[in-house]
Amino acid sequence: MLNGSTTKSSRETLKEFLRKRVESHPGISIQKLTGHLSQLPSEIRTKYGGNVDSIRRVLEQFPDIFVIRNHDQVHVVTSKPASTRAASSSGGGSDDEMTVLSNAKGKVYRMFKTYGFISVQQPISTSVYFSLRSFENGQHSSLLTSGLQLGDGVTLDAEAGPNDCEAKFRASRVTRIKGAHTAASSEQSSPAPQSNVHMPLVNRVGAIETLKDEFGFIKLEKEQECAFFHAAEIERYLGSAVPALPEVLAVGDKVRFDADLNKNTTARAKWVVTNIHTIQNMPPCNSGSETDGSEIAPGTLIKRDGLIQMVKPEFGFIKFGTNYRDRAFFHLNNVAMPPRDTIKSLPDVFTINDRVRFEAKPSQKPSEKVKWQATTVWLSEFGGESPDSADESGNEVFLSDDESDIMDLIQERLAAHNDESEEEESNPLGAGLALGGAASSQTLVDGLKQHLPKESHDLLSTPNDFESHFDDFHRDESFRHEPLVVEPSVVMYRSSLGIITDVSDHVATARVYEGVTLCKVEFSSAVFYQDRRQSLGRLRERLTKGDAVSLDYMVGTIGSRREVRCDLAWQGARPTDVVHMSPEEFSSLLQIKAPVFNGGPQFPIIEHSM
Numbered sequence: 001m002l003n004g005s006t007t008k009s010s011r012e013t014l015k016e017f018l019r020k021r022v023e024s025h026p027g028i029s030i031q032k033l034t035g036h037l038s039q040l041p042s043e044i045r046t047k048y049g050g051n052v053d054s055i056r057r058v059l060e061q062f063p064d065i066f067v068i069r070n071h072d073q074v075h076v077v078t079s080k081p082a083s084t085r086a087a088s089s090s091g092g093g094s095d096d097e098m099t100v101l102s103n104a105k106g107k108v109y110r111m112f113k114t115y116g117f118i119s120v121q122q123p124i125s126t127s128v129y130f131s132l133r134s135f136e137n138g139q140h141s142s143l144l145t146s147g148l149q150l151g152d153g154v155t156l157d158a159e160a161g162p163n164d165c166e167a168k169f170r171a172s173r174v175t176r177i178k179g180a181h182t183a184a185s186s187e188q189s190s191p192a193p194q195s196n197v198h199m200p201l202v203n204r205v206g207a208i209e210t211l212k213d214e215f216g217f218i219k220l221e222k223e224q225e226c227a228f229f230h231a232a233e234i235e236r237y238l239g240s241a242v243p244a245l246p247e248v249l250a251v252g253d254k255v256r257f258d259a260d261l262n263k264n265t266t267a268r269a270k271w272v273v274t275n276i277h278t279i280q281n282m283p284p285c286n287s288g289s290e291t292d293g294s295e296i297a298p299g300t301l302i303k304r305d306g307l308i309q310m311v312k313p314e315f316g317f318i319k320f321g322t323n324y325r326d327r328a329f330f331h332l333n334n335v336a337m338p339p340r341d342t343i344k345s346l347p348d349v350f351t352i353n354d355r356v357r358f359e360a361k362p363s364q365k366p367s368e369k370v371k372w373q374a375t376t377v378w379l380s381e382f383g384g385e386s387p388d389s390a391d392e393s394g395n396e397v398f399l400s401d402d403e404s405d406i407m408d409l410i411q412e413r414l415a416a417h418n419d420e421s422e423e424e425e426s427n428p429l430g431a432g433l434a435l436g437g438a439a440s441s442q443t444l445v446d447g448l449k450q451h452l453p454k455e456s457h458d459l460l461s462t463p464n465d466f467e468s469h470f471d472d473f474h475r476d477e478s479f480r481h482e483p484l485v486v487e488p489s490v491v492m493y494r495s496s497l498g499i500i501t502d503v504s505d506h507v508a509t510a511r512v513y514e515g516v517t518l519c520k521v522e523f524s525s526a527v528f529y530q531d532r533r534q535s536l537g538r539l540r541e542r543l544t545k546g547d548a549v550s551l552d553y554m555v556g557t558i559g560s561r562r563e564v565r566c567d568l569a570w571q572g573a574r575p576t577d578v579v580h581m582s583p584e585e586f587s588s589l590l591q592i593k594a595p596v597f598n599g600g601p602q603f604p605i606i607e608h609s610m
């Protein structure tokens with residue numbers, strides 16, 4: 001047990017760690033902040049927990065350091081100078097209060113082919129994202145060939161955009177200010193109000209200076225600087241996997257590329273290549289940046305699905321395959337970046353157990369466990385392009401950093417599941433559930449009857465002696481409430497009706513009636529939808545006790561123990577294109593062998609008509 005001094009020391013360590021992370025990622029959500037905690041010692045993670053609720057409690061213990069805005073955005077408390085506060089007040093409000101910019105002036109400080117960023121100082125100091133479509137009525141095919149330059153002055157209209165993005169606002173209209181090619185008005189003399197704003201390299205030319213199997217360096221044509229590039233950039237350019245870079249490139253080859261500042265200030269290369277336009281004597285793939293399966297070299301993994309096993313700021317590991325025993329290494333540069341944002345640190349977009357789709361090739365330096373090198377990793381689940389799908393996809397289960405087998409970890413969590421000190425810990429499989437027998441709850445019955453078709457009103461009619469009704473039923477020897485021998489199994493339930501019995505900010509509990517059994521199903525805010533839209537924010541603001549919800553869930557039975565996982569909960573119209581964990585994956589986690597019929601595994605499915 002930790003003594004007083006050790007407890008104080010670990011508390012200070014956690015506080016300073018969180019402060020530094022929030023300072024470098026202002027506005028980060030608590031959900032994404034949990035992913036950063038993998039870098040802390042295991043004893044601190046064990047003591048304070050790693051889910052959203054436990055981190056929220058830690059943050060709330062330091063109100064003089066942290067402030068939580070918009071329910072889950074974390075900021076460090078700063079004391080602005082009086083002049084800044086006065087200017088902000090006279091300018092019409094703070095960054096948090098203002099949601100619309102009209103005819104504002106700003107300067108372009110970062111630009112890519114299809115999107116860019118603008119710094120604005122009045123009426124508030126902020127940054128604005130703009131797309132190719134919003135710039136001059138979408139008349140250009142590329143921002144890089146439109147004549148727009150970094151530092152150009154523009155006027156814009158914008159509205160507040162999604163949370164946790166680099167820019168708070170998204171522009172609906174952007175127009176150049178004539179005659180403001182190199183300078184805007186004096187009040188825009190400084191770039192965006194961010195300490196890490198910098199000008200990237202766009203369409204620059206250099207020659208390959210160093211070449212290794214999986215990476216290399218490009219020397220800039222004029223400056224005495226170099227840019228690092230990974231094999232993934234070459235593979236995107238060619239549209240096919242490359243066994244080793246020296247097989248397709250040579251030292252001295254000319255390359256035209258884009259690059260961003262290297263986050264590692266002590267590294268050899270000042271720049272990191274983000275896109276390659278042309279390579280000397282090597283035409284690009286006509287099919288675009290995504291690889292075509294017909295052109296992939298033998299032994300390459302194409303469009304494989306996996307789970308994030310470990311994540312660090314610049315690299316991570318994906319687990320996949322049978323029982324998730326295979327491993328693939330990936331680097332920040334391998335992640336396919338969405339047009340709405342840039343990735344500064346992998347924990348900003350990935351957390352442990354996130355589902356991803358990726359492509360990989362055999363590693364040039366395989367180890368006993370890691371035999372693959374990812375070439376492309378898609379942010380959203382299964383390569384989707386929905387900007388919301390990557391925001392809150394994290395699993396609140398907190399896993400260790402080592403590469404121990406996932407089944408060992410699950411067994412450890414299950415063994416400790418009954419410990420009172422773990423009462424607020426999430427179930428190790430992502431949804432903590434306990435199935436109960438038939439319970440006498442007239443409130444539940446009334447709630448279910450309200451939502452059943454009128455012709456079924458007698459289906460749930462119950463006498464006053466509800467308990468004895470089931471006692472009589474159980475006297476039939478042909479049916480036992482608890483079978484003598486329970487075979488391991490997984491059963492899927494689709495569109496089941498449940499009644500909310502308990503709800504907190506991030507987790508709700510519903511009671512579901514299946515046959516003669518009542519079960520308790522917990523689900524998180526990340527899987528709750530209303531009228532086909534993901535319902536972000538606190539669940540207690542959207543649900544109350546007695547509300548009816550529809551549920552998709554699975555029940556896994558292992559002897560006397562049952563585990564339930566809920567992948568989707570909704571009200572109103574059923575949402576589409578929501579990814580579910582497959583019964584095969586669930587049975588693998590529980591170490592259940594599915595019954596095999598006609599050559600393949602079969603899982604019972606109980607589906608209710610809507």
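Okay, so the sequence shown: first residue is 1 according to UniProt numbering, each after it adds one. We put the beta carbon where it would ideally sit given N, CA and C, even for glycine.
- Rounded to whole angstroms, the Cβ separation of Asn333 and Val272 is 7 Å, and the two are in contact under 8 Å.
- Pro583 is classed as buried because its beta carbon has at least 16 other beta carbons within 10 Å across all chains shown.
- Val503 is positioned such that its CB atom lies closer than 8 Å to that of Arg540.
- Contact annotation, Lys107 with Ile124: C-beta distance approximately 15 Å; criterion of less than 8 Å not satisfied.
- Three or more beta-carbon pairs separated by less than 8 Å link the stretch 275 to 283 to the stretch 245 to 257, which places the two stretches in contact.
- When only Cα atoms are considered, Glu359 and Ala328 end up about 9 Å apart.
- With 16 or more other CB atoms across the displayed protein chains lying within 10 angstroms of its CB, Lys32 is buried.
- For Phe130, the enclosing beta strand (DSSP E) covers residues 126 to 131.
- Inside the stretch 532 to 583, DSSP marks no whole alpha helix (DSSP H) run of 4 or more residues.
- DSSP, read as helix, strand or coil, puts His36 in helix.
- In the three-state scheme derived from DSSP, where H, G and I count as helix and E and B as strand, Leu589 is classed as helix.
- Note that the C-beta distance between Lys361 and Ala241 is below 8 Å.
- In the three-state reduction of the DSSP assignment, Ile500 falls in the strand class, which pools E and B.
- Straight through space, the alpha carbons of Gly556 and Gly206 are spaced by roughly 57 Å.
- The Cβ atoms of Gly498 and Val521 sit closer than 8 Å to each other.
- From the listed residues Glu563, Gln530, Asp53, Leu40, the smallest Cα separation to Arg574 is found for Gln530.
- Counting of Cβ neighbours within 10 angstroms places Lys178 among the exposed residues, the total staying below 16.
- The three-state reading of DSSP puts Arg110 in strand, counting E and B together.
- Ser587 is classed as buried because its beta carbon has at least 16 other beta carbons within 10 Å across all chains shown.
- In this model, Trp372 and Arg325 are separated by some 12 Å (Cα to Cα).
- The residues Ile30, in chain order, have a CB closer than 6 Å to that of Arg56 in the same chain once the five nearest residues on each side in sequence are set aside.
- Boundaries around Ile118 are those of the beta strand (DSSP E), 115 to 120, since no alpha helix (DSSP H) includes it.
- Per the C-alpha coordinates, the member of Ala231, Ser524, Gln121, Phe217 positioned closest to Asp505 is Ser524.
- Taking 8 Å as the cut-off, the Cβ atoms of Ile44 and Val74 do not count as close.
- Pairing Gly239 with Glu233, the inter-Cα distance amounts to about 10 Å.
- In the same chain as Val22, and ignoring 5 residues on each side of it, the C-beta atoms closer than 7 Å to its own belong to Ile28, Phe66, Val74, His75, Val76, in chain order.
- Per DSSP, reduced to three states, the secondary structure at Leu150 is coil, with no helix or strand assignment.
- Approximately 6 Å separates the beta-carbon atoms of Ala231 and Leu245; this is inside 8 Å, confirming the contact.
- Short of 7 Å from the beta carbon of Val52, and not among the five residues preceding or following it, lie these beta carbons of its own chain, in chain order: Ile30, Gln31, Thr34, Glu396, His506.
- Between Tyr129 and Arg170, the C-beta spacing is below 8 Å.
- Residue pairing of Phe215 in beta bridges, as defined by DSSP: His230.
- With a cutoff of 8 Å on beta-carbon distance, Thr375 and Glu223 are scored as not near each other.
- Annotation for Tyr48: the continuous alpha helix (DSSP H) segment containing it runs 42 to 48.
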